[in-house]
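Student: Right, I'll just put the structure down here and ask away after.
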Amino acid sequence: MQQRRLLELQGSRGRWPPPRSGAPLWAWLLLGALAGRGAGGLLSEQQEELLELHNHYRGQVAPPASAMRPLECVRRDTSSMSQRADHSRALREQQRAAESTRDEQRAESSREQRVAESSREH
């Protein structure tokens with residue numbers, strides 16, 4: 001609270017509050033897009049401030065953004081993740097089919113027991 005008052009006394013640059021260390025970048029980007037009239041309606045001043053926020057958070061990323069893997073590797077990882085998801089989905093379907101078969105067998109066995117019990121009573 002004291003930090004906010006200090007910033008208010010000093011005056012902030014522009015209409016946007018200074019970035020907080022805990023705020024995620026996507027939140028600031030969304031705020032910037034919604035504050036204007038959509039992403040295409042941002043004024044040049046707002047665009048500059050949004051770019052400053054982006055660069056500020058990009059500089060805080062560990063490892064540095066320049067050391068991150070290229071997007072191509074991510075695409076390959078995405079395809080292997082998709083294959084794993086397909087495999088998991090197939091396994092779940094097999095398990096459901098096996099459970100359904102067991103349930104049907106139990107129901108049939110239960111019916112046979114009831115028929116046998118009713119025939120003993122008569």
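According to the UniProt record's numbering, the sequence shown holds residues 1 to 122 in order.
Don't be surprised by glycine CBs; every beta carbon is placed ideally from N, CA and C.
Note that this is a predicted model, so its numbers are computed, not measured.
(1) Tell me whether Val115 sits in a helix, a strand or coil according to DSSP, three-state version.
(2) In or out: Glu49 buried (at least 16 other Cβ within 10 Å) or exposed?
(3) Measure the CB-CB distance between Leu25 and Leu53 and report whether it falls below 9 Å.
(4) Does Gly59 pass the burial test, meaning 16 or more other C-beta atoms within 10 Å, or should it be called exposed?
(5) Considering only C-alpha positions, which residue in the set Ser100, Leu34, Ala33 and Leu29 is nearest to Asn55?
(6) What is the DSSP secondary structure of Gln60, counted as helix, strand or coil?
(7) Nearest-angstrom Cα distance between Glu104 and Ser110?
Tutor: In brief:
(1) helix
(2) buried
(3) yes
(4) exposed
(5) Leu29
(6) coil
(7) 10 Å
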